[in-house]
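Participant:
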Amino acid sequence: MAITTFDTLRFVRTLQESGISDIQAEAISRAFKDAQHESDFATKADIRELRSEIHALDRKIDDKITILDTKIDGKFSSLESKMNMVQWVLLLIVIAIIAPQLKSLF
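Residue numbers (our numbering): 612 to 717.
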């Protein structure tokens with residue numbers, strides 16, 4: 612991770628120009644620089660890398676969703692075929708039950 616540059620001399624002079632004593636300005640500058648070094652800032656390269664990783668994961672998820680859609684479509688086609696077969700069998704059963712009843716009426 613890249614560390615951004617920090618002009619401590621300019622920072623100290625700015626503090627001194629605003630009325631802060633030399634010792635205080637230097638202490639504030641040191642504290643600020645230490646805090647900056649301890650911070651974990653994301654660089655533009657880090658953000659680009661993260662975006663690339665997110666994009667790759669997004670493509671993986673899209674691929675998996677496509678595979679699942681295909682599987683689900685196949686299962687529904689199979690289920691639809693079975694339901695059509697059951698429908699015809701039930702129709703034949705109903706005809707087999709109703710036909711003798713109708714025959715007895717005529």
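Heads up, the beta-carbon is just placed ideally off N, CA and C, and yes, glycines get one too.
(1) Look at the alpha carbon of Ile-665 and the alpha carbon of Val-623, and state the distance between them as a whole number of angstroms.
(2) Hey, how far is the Cα of Ile-645 from the Cα of Phe-652?
(3) Mind checking which residues open and close the alpha helix (DSSP H) that includes Ser-663?
(4) Starting from Ser-640, trace the alpha helix (DSSP H) in both directions and tell me its first and last residue.
(5) CA-CA distance, His-648 and Asp-633?
(6) What span of residues does the alpha helix (DSSP H) with Phe-622 cover, start to end?
(7) For Leu-626 versus Ala-642, is the C-beta distance shorter than 9 Å?
Facilitator: Reading from the atomic positions:
(1) 41 Å
(2) For clarity, residue 645 is Asp in the given sequence; the question names Ile instead. Taking the straight line joining both Cα atoms gives about 14 Å.
(3) 655-716
(4) 633-649
(5) 22 Å
(6) 619-628
(7) no
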